[in-house]
Each structure stands twice: as structure tokens, then as C-alpha cells.
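2 protein chains.
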Amino acid sequence: MTEFHTYETNGQAIYDESFATIRREANLGRFTKDEEVVAVRMIHAAGMVGLEEHVVFSDGMAKAARAALAAGAPILCDAYMVSEGITRPRLAANNEVICTLRDERVPGMAKEMGNTRSAAALELWRDKLEGSVVAIGNAPTALFHLLNMLKDPSCPRPAAIIGCPVGFVGAMESKDALMEDLPVPSMIVKGRLGGSAITVAAVNALASWKE
Amino acid sequence: MTEFHTYETNGQAIYDESFATIRREANLGRFTKDEEVVAVRMIHAAGMVGLEEHVVFSDGMAKAARAALAAGAPILCDAYMVSEGITRPRLAANNEVICTLRDERVPGMAKEMGNTRSAAALELWRDKLEGSVVAIGNAPTALFHLLNMLKDPSCPRPAAIIGCPVGFVGAMESKDALMEDLPVPSMIVKGRLGGSAITVAAVNALASWKE
Numbered sequence: 003m004t005e006f007h008t009y010e011t012n013g014q015a016i017y018d019e020s021f022a023t024i025r026r027e028a029n030l031g032r033f034t035k036d037e038e039v040v041a042v043r044m045i046h047a048a049g050m051v052g053l054e055e056h057v058v059f060s061d062g063m064a065k066a067a068r069a070a071l072a073a074g075a076p077i078l079c080d081a082y083m084v085s086e087g088i089t090r091p092r093l094a095a096n097n098e099v100i101c102t103l104r105d106e107r108v109p110g111m112a113k114e115m116g117n118t119r120s121a122a123a124l125e126l127w128r129d130k131l132e133g134s135v136v137a138i139g140n141a142p143t144a145l146f147h148l149l150n151m152l153k154d155p156s157c158p159r160p161a162a163i164i165g166c167p168v169g170f171v172g173a174m175e176s177k178d179a180l181m182e183d184l185p186v187p188s189m190i191v192k193g194r195l196g197g198s199a200i201t202v203a204a205v206n207a208l209a210s211w212k213e
Numbered sequence: 003m004t005e006f007h008t009y010e011t012n013g014q015a016i017y018d019e020s021f022a023t024i025r026r027e028a029n030l031g032r033f034t035k036d037e038e039v040v041a042v043r044m045i046h047a048a049g050m051v052g053l054e055e056h057v058v059f060s061d062g063m064a065k066a067a068r069a070a071l072a073a074g075a076p077i078l079c080d081a082y083m084v085s086e087g088i089t090r091p092r093l094a095a096n097n098e099v100i101c102t103l104r105d106e107r108v109p110g111m112a113k114e115m116g117n118t119r120s121a122a123a124l125e126l127w128r129d130k131l132e133g134s135v136v137a138i139g140n141a142p143t144a145l146f147h148l149l150n151m152l153k154d155p156s157c158p159r160p161a162a163i164i165g166c167p168v169g170f171v172g173a174m175e176s177k178d179a180l181m182e183d184l185p186v187p188s189m190i191v192k193g194r195l196g197g198s199a200i201t202v203a204a205v206n207a208l209a210s211w212k213e
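Read top to bottom, the protein sequences are chains D and U.
For what it's worth, the numbering used here labels the leading residue of the first sequence as 3, then goes sequentially.
For what it's worth, the numbering used here labels the leading residue of the second sequence as 3, then goes sequentially.
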């Protein structure tokens with residue numbers, strides 16, 4: 003007789019047990035309540051207790067990002083894996099979720115700028131940037147380019163930046179630069195770790211308290 | 003005077019340096035050449051040397067998946083973050099990339115099955131399953147349900163399964179079950195680690211040798 007696998011099939015029960023496990027195992031004591039739920043969801047997305055050691059919020063970032071999202075801030079993403087992952091029902095203000103990477107102007111702009119398409123795509127954010135929440139989960143060049151755009155005092159200011167590019171070249175450096183410049187309230191995952199899943203988790207946690 | 007950040011802006015140079023760093027730091031000796039490039043790209047996506055310790059291929063999986071993709075196998079994904087991340091120009095046979103999670107039938111099917119939407123969505127894969135490459139990067143329930151579908155000898159067989167669901171409830175167990183059942187050539191990341199970025203990296207590496 004065939005033995006079928008048995009397993010937990012209730013989505014909410016899976017979330018509840020996952021989040022309880024994370025809260026049992028992770029070192030969350032240094033986070034405010036606003037930050038803690040974000041760190042927990044990021045650990046959940048990565049499947050990695052210990053990630054919290056690398057998560058850094060500037061003072062008030064979580065509150066600022068929540069307020070902006072609640073007020074309808076657009077969410078500007080550097081990659082489609084980020085924009086696709088954001089759970090639309092968690093966006094109470096039906097916020098726009100924007101990724102400009104596949105805009106037909108981007109390849110030409112990248113060539114002209116001598117930069118990556120990920121960086122060039124941000125030039126198309128300018129008219130949405132004021133008061134937005136920026137979610138960079140892939141490209142260090144995008145985060146570096148954003149910081150250089152914000153060196154210009156006339157560049158519109160986002161309400162908050164989630165800076166979680168991943169990898170081995172520029173990721174650590176771009177995130178350190180973000181926290182040093184701190185043009186607006188920001189959060190990062192220090193070092194090489196980061197990526198779209200972690201970034202999406204941060205947006206989803208800041209958009210809604212629902213677990 | 004404003005100091006702009008300077009950083010590597012050449013995409014290919016960033017890849018080259020990243021992959022060289024990974025090959026210097028990671029323990030890749032136990033992989034075949036077919037597997038090594040997959041493990042390297044997965045480490046790259048995760049920003050995590052050490053991930054390779056958890057990567058397991060069944061004998062011949064990498065070859066089987068490459069052959070299937072080269073021959074035009076559809077790629078069946080459990081989440082849009084997976085299907086969106088797959089780099090289309092790497093698919094030499096213009097392979098279909100399919101995610102059925104948002105099909106309007108799924109919520110009703112999930113309710114009837116008493117399972118998650120992620121698991122229910124796989125029932126809509128049946129007519130594409132034969133010879134496909136399956137990429138599960140999110141939901142343990144999807145992987146468990148696939149294994150139960152494949153208990154039926156009349157269920158069509160994929161050519162290969164990439165089983166990398168992530169998290170704290172069922173992820174480890176579903177991946178262990180995949181390698182124990184081994185219905186077709188398969189690969190996993192053991193334990194809690196996994197996720198869409200790592201899964202996409204595996205697909206992209208199996209689709210093209212280009213680094």
C-alpha cells in the first residue's frame with residue numbers, strides 16, 4: 003500500500019509555529035517592537051536564525067516606513083523578484099509597487115551612464131521618489147547610485163530606504179555607505195547577506211502587523 | 003565639494019570577481035563540474051559561502067536537468083518570485099516558465115483539498131509535468147504534495163526536481179522526503195535554508211554555462 007506523506011497543511015498554523023520557533027531561538031532583545039516583527043519576518047524568509055545579528059535600523063526607521071506605507075507611499079524596487087514578492091493584500095493603502103528595470107529606455111541609459119541596468123533604472127524613479135519607500139534587494143550598484151543621486155539636495159527624498167543588496171562585490175560597501183550617509187531613515191543587513199526574499203519580508207512586515 | 007561614491011559599475015566584472023571570490027573561499031571539491039557551477043551560483047545568490055555544505059545532488063541530476071532544459075522542458079515554479087527571477091536569455095530553447103499560483107481555480111481547490119494554495123496550484127501542472135524541470139523555492143507543502151502526486155504511478159514524471167523550500171515548518175522534512183523517495187533526479191539544500199533566490203540561481207546555472 004502506498005504511504006503518503008503527512009504534513010501540516012494549514013497555512014496559518016505553519017506561520018504561527020514558524021514565528022514561535024524564531025522567537026524562541028533568535029536574539030531579538032535589542033530591537034524595538036516596531037523593529038522586532040521586521041527582523042522576525044526576515045529570519046523567516048531566509049530560514050536563518052542568526053540573520054538578526056546583521057540587521058541594523060537607523061533610529062525611527064521602522065516607524066517612518068510604516069507611516070509612509072500606511073499613507074500610501076509607492077514602493078520602489080530594484081528587481082522584479084522584489085516587486086513580485088510583496089503581498090498586495092498587506093498594502094492597506096493599495097500602494098503602487100514599481101520596478102523600472104525592464105523599461106525600454108534602461109539599456110540605452112545604462113550604456114550612456116557607464117553603469118549597470120539596475121543602477122540606470124533608478125533614474126526613472128525620480129518623479130515617484132518623494133515620500134516613497136525604497137526596497138533594494140539585489141544590486142549594490144543600485145544602492146550606490148541612489149546614494150549618489152541623493153547627494154544632490156534637489157533630488158526628491160524617499161521616506162525610508164530598505165537597503166539589502168546581496169553578494170560579494172559592493173554589497174557590504176554599499177550598505178555601510180547607506181548607514182554612513184543616512185540621507186533618510188534606513189535599514190540594512192550588514193555584510194554579504196541580503197537578497198530579494200529578505201527585502202520582501204521587510205516590506206511585508208512594515209506594511210502590516212498581521213502575522 | 004560633494005564626494006560621490008565610486009564603485010565597480012561593470013556588470014561582467016562584478017560577476018567575474020564574485021565568482022572568483024566564491025571559488026577561492028568555498029569547499030567545492032566534492033561536486034562534479036556539472037554540479038559545481040550550480041553550487042557557485044547558489045552561493046552567489048545567497049551571499050553565503052558555506053551554503054555548499056547543504057547542497058545535495060542525486061547522481062546525474064545536473065546532467066539530466068541540463069539536457070531537459072536544452073531540449074525545451076517547461077520550468078514549473080511554485081512561486082512568482084521564482085518564475086520572475088529566471089533569466090529568460092539563458093533559456094536557449096525559449097522554455098515555458100510556468101507558475102499557477104494565481105490561477106482563479108486555486109483558492110477553491112485549496113479549500114476542497116484542505117491544503118495550502120501553494121500545494122493546490124500543483125494540480126494544475128499535470129499536463130505540463132512530463133519531462134519538465136520543477137523548481138520549488140518557497141513552500142514545503144508544495145514539495146510534499148508533489149511527492150504525494152508522484153506516488154501515483156500514472157502521474158507524469160518531471161525530468162528533474164529542484165527542491166529548495168525554505169523555513170521552519172516542513173522545509174527540512176520535505177527535502178529529506180524528496181531525497182528518500184527520489185522519484186526522479188533531484189537536488190536540495192538540506193535543512194531550513196532555501197528560498198526563491200537560491201532556487202532561481204540553480205535554474206539559471208542549469209540553463210546555461212555562461213558566467
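No residue lacks a Cβ here, since even glycine has one placed at the ideal position from N, Cα and C.
Query	Result
Identify every residue that forms a DSSP beta bridge with D:F59.	D:M189
Strictly under 8 Å for the Cβ-Cβ distance: is D:N206 near chain U by that measure?	no
Just to make sure I have the definition right: I need the residues of chain D whose C-beta is within less than 9 Å of the C-beta of U:R104. Which are they?	Going along chain D, no residue has its Cβ under 9 Å from U:R104, so there is no contact; the nearest lies around 11 Å.
Once the 5 residues before and after U:S134 are set aside, which same chain residues still bring their CB inside 6 Å of it?	A75, P76, L78 and P160
What number of angstroms, rounded off, separates the C-alpha of U:M181 from the C-alpha of D:K192?	34 Å
Please confirm whether D:R194 has its beta-carbon closer than 8 Å to some beta-carbon of chain U.	yes
Taking a Cβ distance cut-off of 8 Å, strictly less, list which residues of the stretch 167-194 of chain D are near chain U, in chain order.	V168, G169, F170, V171, G172, A173, E175, S176, A179, G193 and R194
Would U:E114 pass as an interface residue toward chain D - the criterion being a Cβ-Cβ separation below 8 Å?	no
Suppose contacts are defined by Cβ-Cβ distances below 8 Å. Is D:A47 in contact with D:A199 by that definition?	yes
What is the DSSP secondary structure of D:I221, counted as helix, strand or coil?	Examination of residue 221 of chain D is not possible in this model, given that chain D is present from 3 through 213 alone.
Hey, is D:A48's beta-carbon within less than 8 Å of any beta-carbon in chain U?	yes
Here's a check: name, in chain order, each residue in its chain whose Cβ is nearer than 7 Å to the Cβ of U:P109, leaving out the five neighbours to either side.	R119
Using three-state DSSP, classify D:A95 as helix, strand or coil.	coil
Got a sec: which bits of the stretch 46-77 of chain D sit with their beta carbon under 9 Å from any beta carbon on chain U, in order along the chain?	H46, A47, A48, G49, M50 and V51
Within the chosen definition, does the stretch 122-141 of chain D reach the stretch 161-177 of chain D through at least 3 CB pairs nearer than 8 Å?	yes
Show which residues of chain D have a CB atom less than 7 Å away from the CB atom of U:G13.	T118
List the residues of chain U that D:S20 touches, going by C-beta distances under 8 Å, in chain order.	G169, F170 and V171
Within 10 angstroms of its Cβ, does U:S176 collect 16 or more other Cβ (buried), or is it exposed?	buried
Where do the N-terminal and C-terminal ends of the alpha helix (DSSP H) with D:L286 fall, by residue?	Summary: the structure shown does not reach residue 286 of chain D, with chain D confined to residues 3 through 213, and so no result is reported for it.
Thinking just about the alpha-carbon of each residue, which of U:L195, U:T201, U:M151 and U:D36 is nearest to the one in D:I45?	U:L195
Nearest-angstrom Cα distance between D:R92 and D:H147?	29 Å
The beta strand (DSSP E) that contains U:L149, what's its start and end?	No beta strand (DSSP E) contains U:L149, which is instead part of the alpha helix (DSSP H) from P142 to M151.
I'd like to know if D:E10 contacts chain U, where contact means its C-beta is closer than 8 Å to some C-beta of that chain.	yes
Counting only C-beta atoms, is D:M83 closer than 8 Å to chain U at any point?	yes
How about U:T102 and U:A123: are their beta carbons less than 8 Å apart?	yes
Got a sec: which bits of the stretch 148-165 of chain U sit with their beta carbon under 7 Å from any beta carbon on chain D, in order along the chain?	L149, N150 and K153
Nearest-angstrom Cα distance between D:L184 and D:I24?	29 Å
By how many angstroms is the C-alpha of D:T11 removed from the C-alpha of U:M225?	This structure leaves residue 225 of chain U out entirely; chain U is present only between 3 and 213.
Tell me which residue opens and which closes the beta strand (DSSP E) that U:A137 is part of.	V135 to I138
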